[in-house]
Structures are given as C-alpha cells and as structure tokens.
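For reference, the structure is listed below as structure tokens.
Numbering (my numbering), first residue to last: 1 to 240.
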C-alpha cells in the first residue's frame, strides 16, 4: 500500500472520529442543561425547587434506557473518539496542544472531577452496607448536596467549582470548534476572551445557586445525615 493510500485512509479515519465526537456532543449538552439547571434554579426557589427539578431531570438521564443511550454511550463515544484521534494522528497533523483550554478542561474533568463526583453522588450512596444502607434516588436530593457543603465545605467547593468550570470551558471551546468546522465563516468564531466570558456567564449562576444552598439550614433527619456523611467518606477525598 502506497504512502498516498495510507494518508487517505488516515484522513478518512480522522474524519469519522471527528464526526463521532461532534455527533455525541449534543447529547452531552442536553444532559448538562438538564442536570445543571437544578442548582442554578436554587437562586429562585432554594433547595425545594432544585430537588424537584433534579428528580424530574432524572426521568431523562437516569432511567435504564436514557442513562445508557443518552449519557453513557455518548460520553464513551466522545472520549474514545477524541483520544483515538490524538493517537492515530501523525505528528505533522497533530491535534491541538494538550495545554490548550479545551484539552486541559477535558482531562481535568475526565481524570479528576468527574470520577470523584460520580462515585460520591451515585455509586457510594447506593452502597447497601451499613451505615449507608443504600440511600435511594428519592433520598439523595439536594439535602445531600447541602450536607456535603456543610460538613466538608472547602473540599466540596473545590470539587463543585472545578467540575462546573472545567465542563463549561470545555463545552464553550468545543462548541466553537464544531461551529467553525460546520460553518466556515469568521462570523461564527468567538475570540478567546469572549469564550471565557460566555463560560463564566454559565458558571456564575450555578455556583451562586450552590452558595444559596449552603446558606440554608439542613432539613434532614440526623439518621439520614449520618448516612450521607458515610457516603461522602467512602471517597478518599473526604477522609482527610
């Protein structure tokens, strides 16, 4: 096989991987809108409204079908396609630097913030062993978040703030790349400073909502609060 044919197949492979990454992005965007609207709405209605919105949102992304096809498969496809593209691309056509805002936000989310968040908020509360006794989805509402903010304040703020900031930076930078590739026009491009402002505008109401929640008194039975704390301390992040 000639070098020209090798190059053609490589370009086709990269194009397919790029399409996979771009097609999976809207599914993840919808999830983020649904999931992050709950803390943002705490600015208007406190933990009661946030919990109701979160429970309603779970009908979209936490059912057997929705979680698999609207969240896990798009997320796995998005991550795998981008990592594979970085591996197969030759140096002469290497993707953007690993120190770019898009890459740094992606890797900090994937390797640090997302695993801690997923295990702390999803896996550990479902542990059937004592003293957690498998807190059900209806029990893990925004009182769980408030307990974490009250009992482990600086760790919770670092993790929530880091996760939200990284995700929003990656989302804005990624949206810019998709727009530029689909609509080859300078009018569709935002300057780096503008992208930072847009990401910040998305982050502020979410963190403000968490601040509102942190100022509310805990409205949870002491026995359930102990189960919440036990779920948090299953993670090494909350043990020291």
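Where a beta carbon is used, it is the ideal one built from N, C-alpha and C, also for glycine.
Where residue 215 falls: helix, strand or coil (DSSP): coil
Proximity below 8 Å, CB of residue 79 to CB of residue 61: no
Which listed residue (219, 116, 84, 163) has its alpha carbon closest to that of residue 16: 84
Presumed contact (8 Å Cβ cut-off) between residue 54 and residue 127, rounded CB distance: Incorrect: roughly 20 Å between the Cβ atoms, too far for contact.
Residues of its chain near residue 219, where Cβ-Cβ distance is below 7 Å and the 5 sequence neighbours each way are ignored: 143
Residue 176, enclosing alpha helix (DSSP H) - first and last residue: 153–182
Neighbourhood of residue 147 by C-beta distance below 7 Å, restricted to the same chain and skipping five residues each side: 218, 220, 225, 228, 229
Enclosing alpha helix (DSSP H) for residue 115 [first to last residue]: 114–118
Secondary structure of residue 191, DSSP reduced to three states: coil
Neighbourhood of residue 145 by C-beta distance below 7 Å, restricted to the same chain and skipping five residues each side: 213
Where residue 227 sits in the DSSP three-state scheme: helix
Straight-line Cα distance separating residue 189 from residue 180: 6 Å
Spatial distance of residue 105 from residue 23 (CA atoms): 20 Å
Pairwise C-alpha distance: residue 137 and residue 25: 27 Å
Residue closest to residue 88, alpha-carbon to alpha-carbon, out of 234, 21, 14, 194: 14
Per-residue DSSP class, three states only, for residue 11: helix
Buried or exposed (CB count within 10 angstroms, at least 16 for buried), residue 242: Absent from the structure is residue 242, since the part of the chain shown begins at 1 and ends at 240.
Straight-line Cα distance separating residue 59 from residue 215: 28 Å
Residue 81 classed as buried or exposed, judged by whether at least 16 other C-beta atoms fall within 10 angstroms: buried
Distance, residue 209 Cα to residue 116 Cα: 21 Å
Residue 206 burial status per 10 Å Cβ neighbour count (16 or more: buried): buried
Which of helix, strand or coil DSSP assigns to residue 247: The chain is shown from 1 up to 240; residue 247 falls before or after that span and cannot be answered.
Cβ-based burial, residue 132 [other Cβ within 10 Å; buried from 16]: buried
Integer Cβ distance of residue 245 from residue 50, believed to fall under 8 Å: Given a span of 1 to 240 for the chain in the structure shown, any question on residue 245 remains unanswerable.
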